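Following: one structure in structure tokens, then a few remarks.
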Amino acid sequence: MGRTESTPLPLAGQRRRNLPASAAFGWLAAGWRDLWRNPLPSLAYGLVVFVLSLAVVICLFRLELDYILFPALAGFMVVGPLVAIGLYQKSRDLEEGRPLSLARMIFVRAESGAQVWFTGAILCLLMLVWMRAAVIIYALFFGLRPFPGLDHIVAMLFTTPEGWAMLVVGTAVGGLFAAFSFAISTFSIPMLLAEKVDAFTAMGTSISMVFRNLPVMLLWGAIVLALFLICIVTGLVGLVVIFPLLGHATWHSYRAIR
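My numbering applies: residue 1 is where the sequence shown begins, and numbers increase by one.
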């Protein structure tokens, strides 16, 4: 099948709404199929994400910035949709019958042009704001006390009143950041790849699509979080497979609601 022309952005009311929550498992299954159709580019993509993530973690420790490790890991989920753009490209190529290659996945040419990178800059800024907010929350509850290190932080959080209070406030604030970033990015990046639309329209439409399909999107967010936690438990090695899986599945979530 040859290349198809980009279709104009439909009105918000024309997009699908109230999809059943079970649709999330269909997206995951479709992503799994895309992953294993010519799997080498997807796995290589996941390997690159793993190596870069591991390098960032090592740098944080060597620069004695381990106190921002957890906010940085959470921030990765904010910029994840942008990092996965090459995986969306592979799924799109599979749909349109185009040849697959790692080069096409890395050197992506979005229909929206530079608008996709403008959205990416907003997501990166949001990640930096969240990391700064996490540091401020720590200072509010523990003052100028030096970071005790990862081997002592768990005990400090769960055995002191300040620790419990920081967990409650940090979870609430982090949840707001996560909800906002999820709403503006989960559909906007695939949309900017496939459609000629500006960044703010894409982000606004993404928010609308999320809230018009809230049950399935809540389940999808929970699935993404659970799989990301598996990546952390495995020392980020799980990113090699899980990140491509989620990237391909996210493309199918966009196509299902589009």
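Glycine is no exception: its CB is placed at the ideal position from the N, C-alpha and C atoms. The structure displayed is predicted, hence computed values, not measured ones.
request  = Count the other C-beta atoms from every protein chain shown that fall within 10 angstroms of the C-beta of G31, then say buried if there are 16 or more, exposed otherwise.
outcome  = buried
Original post:
From V237 to L69, what distance separates their C-alpha atoms?
Top reply: 17 Å
*asked:* Assuming E95 is part of the alpha helix (DSSP H), what are its boundary residues?
replied: 85-96
- State buried or exposed for R92, treating a residue as buried only when at least 16 other CB atoms are found within 10 Å of its CB. buried
| query | Going straight from the alpha carbon of L102 to that of G46, what length do you get? | reply | 11 Å
Exercise for review: Output the boundary residues of the alpha helix (DSSP H) element that contains D34.
Suggested key: 23-36
Cβ shell of A84 (< 6 Å), same chain only, five flanking positions each side left out:
G247
- [ ] Would you kindly check if the distance between the Cβ of A256 and the Cβ of A23 is under 8 Å?
- [x] yes
Checklist entry - L167 and G120: beta carbons closer than 8 Å? => result For L167 and G120, no; Cβs fall outside 8 Å.
**Asked** Thinking C-alpha only, which one of T234, F141, T186 is nearest M209?
**Response** T186
- Query: Run through DSSP, which three-state label would F107 get?
  - Reply: Looking at F107 - three-state DSSP - the assignment turns out to be coil, as it is neither helix nor strand.
Alpha carbon of L218 to alpha carbon of L229, nearest angstrom: 17 Å
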